[in-house]
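For reference, the structure is listed below as structure tokens.
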Amino acid sequence: MILPRLALAAALAAAHLTAWSAPLVIKYSHVVADQTPKGQAALKFKELAEKALPGKVEVQVFPNSQLFGDGKEMEALLLGDVQIIAPSLAKFGKYTPKLQVFDLPFLFDDIAAVDRFQDSPKGLELLDSMKKKGIKGLGYLHNGMKELSANKPLRTPADAKGLKFRIQSSDVLEAQFKAVGGNPQKLAFAEVYQALQTGVVDGTENPWSNIYTKKFHEVQKYIMESDHGVLDYMVIANAAWWDKLPADVRTALNKAMVESIKFGNKVAFDEAAAYRQKVVDDKKAEVLKLSKDELAQWRAAMKPVWKKFESEIGKDVIDAALSANQN
Ligand code: LMR
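Residues 233 to 559 (the working numbering) make up the sequence shown, in order.
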């Protein structure tokens, strides 16, 4: 019969047309708020990618663990259910031990040192450290230095003894809190507020933008300006998906990614102090400055963690990170 055949041909043509003309949907999922450096970088990527490839790509950004939270997002990326994610560098332990360098306590003097290390040959090499696992590192993205928080003042490491601390899924962070007699518990970011509120844990660590946007300061009495470690990200894609993109699309997306990271890093540098001030102004938690001597005690208590992870991370990597400090 002619008619069904024609109908079939038309349907096929329509399908072909749709397949040809429908934009490529790129899902970018993360766990923090839109206002944070990562949230801003993701939205900037959407803006730039859609501008560079009009009608060809549609970037859907899912903040606040809406699509996938910690624990599920890596799996989802490898299954192709999401195309871009930006986990904290503390969350890659299962995929490469080398990135654990970023969790070592008191390794970096400040975020500028972290930036120099990420930009160094060794730092850039680490972007490719998960290639064999199917993960393509598109770039590093800053959040900031971490501050300790709890319901009692933590002036010296002895104050942390016996307290339960929420940590990201990192063995280094586990060792860090054990080194001061704490009880670390790995919990997904989406669960932190409630865990603090209900007393499942007594304290935690996070940069100012996360503390403020997730209201951790409303459920913690004290925030110590410890700057004892860094919380940064790697923006990653499923390597097979990335490599299969048409070359012109990949080039344009890469450019949008580089620009969006620059933008997010600027937010991180410019706004950390403002987020700190918002926490202070809110007067829900007391912000404590630690003296040089107190900080030295924390450093001395936590530093043995470096040796513990040296063989896994590589002494060359740790030395390269250390050399990014200027003082
Ligand atoms: C955390 O789990 O505390 C952070 O990694 C969340 C984030 O993405 O900043």
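We put the CB at the ideal spot given by N, CA and C, even for glycine.
The structure displayed is predicted, hence computed values, not measured ones.
Taking 8 angstroms as the cut-off, the Cβ atoms of Y454 and N383 count as close. For F421, the shortest C-beta to heavy atom distance toward ligand 1 is below 7 angstroms.
Assigned with DSSP and collapsed to three states, G376 falls in strand. Going by beta carbons, H262 and A281 fall outside the 8 angstroms limit. With a threshold of 16 other beta carbon atoms within 10 Å, L428 meets it and is buried. Residue side-chain check: S320 places its Cβ nearer than 7 angstroms to a non-hydrogen atom of ligand 1.
One thing to note: V314 has its Cβ within 8 angstroms of the Cβ of F300.
For T436, the uninterrupted beta strand (DSSP E) run begins and ends at T436 to N438, by DSSP. DSSP, read as helix, strand or coil, puts Q509 in helix.
When DSSP reads this structure, D464 sits in a beta bridge with H374. With 16 or more other Cβ atoms inside 10 Å of its own Cβ, K368 counts as buried. Rounded to the nearest angstrom, the gap between the Cα atoms of A308 and E450 is 32 angstroms. Inter-residue distance for V511 and P319 is about 24 angstroms (C-alpha atoms, whole angstroms). Under DSSP, M456 takes part in a beta bridge, and its partners are L380 and L520. The stretch 543-555 makes no contact with the stretch 475-494, as fewer than three CB pairs between them are under 8 angstroms.
The stretch 479-496 and the stretch 391-400 do not touch, with fewer than three beta-carbon pairs separated by less than 8 angstroms. Under the DSSP assignment, E290 falls in the beta strand (DSSP E) whose first and last residues are V289 to F294. Relative to the Cα of V467, the nearest Cα in the group K283, I343, A254 and L358 belongs to L358.
In this structure the stretch 343-359 does not lie against the stretch 413-427, because fewer than three pairs of beta carbons, one per stretch, are closer than 8 angstroms.
Between N497 and L373, the beta carbon gap of about 7 angstroms places them in contact (Cβ cut-off 8 angstroms). Across the set E379, G366, G271 and E544, the C-alpha of E379 shows the shortest separation from the C-alpha of S458. Scanning its chain for C-beta atoms nearer than 7 angstroms, with the 5 sequence neighbours on each side dropped, one finds around K540 the residues A407, in chain order.
Less than 8 angstroms divides the Cβ of T436 from the Cβ of F448. With contacts defined by Cβ atoms closer than 8 angstroms, V462 and F340 form a contacting pair.
Closest in alpha carbon position to P286, among A484, Y465 and A506, is A484.
Among the bridge pairs identified by DSSP, F397 is matched with P416 and G435. Boundaries of the alpha helix (DSSP H) around Y425: V424 to Q429.
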